[in-house]
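Peer 1: Quick one: the structure is below, and I'll ask about it shortly.
Set out below in structure tokens:
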């Protein structure tokens, strides 16, 4: 009677193949991360994944309103004289993106570059001649014509 014995090299090879197979299985179960959006003020940056994103496809009409009303998970302090720099992944810039402030569209035409800079005082104006706001929710919205494809939120807090 003969017994099958694996050599040490054979056991290591089998173990390596098993580890690779398990790793591939784990990776296949992971969700693809959404593109990131970043806001930078005075060298301090915050980035976040999308609050709503459908892998580059249009977000359903029923989801848009509730998604625009979601609270921002990331915040950054902005002085009135600071420059606020926004950045998006190239795939977002390719289709275009725009800013919403407090859930309202702030500009008509989508921006098609990965980076832009806006003065901080723009975000804290009440617009009605009233007192300046202490915080503002800014949403970066990926848009392709009339369709919204992704929404990222940041809270800007008024600093000194």
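In the working numbering, the protein residues as written are -12 to 147.
Cβ coordinates follow ideal geometry from the N, Cα and C atoms, glycine included.
Just checking my contact of residue 77 with residue 130 at CB under 8 Å: how many whole Å lie between their CB atoms?
Peer 2: Rounded, the Cβ-Cβ distance is 16 Å, inconsistent with contact.
Peer 1: Measure from the alpha carbon of residue 139 to the alpha carbon of each residue in 35, 120 and 88, then state which is nearest.
Peer 2: Distances from the CA of residue 139 to each of 35, 120 and 88 were compared; the closest alpha carbon is that of 35.
Peer 1: From the DSSP secondary-structure annotation, give me the bridge partner or partners of residue 39.
Peer 2: Paired residues: 138.
Peer 1: What does a CB cutoff of less than 6 Å around residue 141 pick up in its chain, not counting 5 residues either side in sequence?
Peer 2: 26, 59, 61 and 125
Peer 1: Using the Cα positions of residue 64 and residue 29, report the straight-line distance between them to the nearest angstrom.
Peer 2: 9 Å
Peer 1: What are the boundary residues of the alpha helix (DSSP H) that residue 79 is part of?
Peer 2: 77 to 82
Peer 1: Would you kindly report the start and end of the unbroken alpha helix (DSSP H) that includes residue 49?
Peer 2: Annotation for residue 49: the continuous alpha helix (DSSP H) segment containing it runs 48 to 55.
Peer 1: Determine the DSSP secondary structure at residue 74, reduced to helix, strand or coil.
Peer 2: strand
Peer 1: Here's a check: name, in chain order, each residue in its chain whose Cβ is nearer than 8 Å to the Cβ of residue 93, leaving out the five neighbours to either side.
Peer 2: 85, 86 and 87
Peer 1: On a CA-only basis, which of 105, 69, 80 and 89 is nearest residue 148? Give me that one, please.
Peer 2: Shown here, the chain extends from -12 to 147; a query on residue 148 therefore has no answer.
Peer 1: What are the boundary residues of the beta strand (DSSP E) that includes residue 128?
Peer 2: 122 to 131
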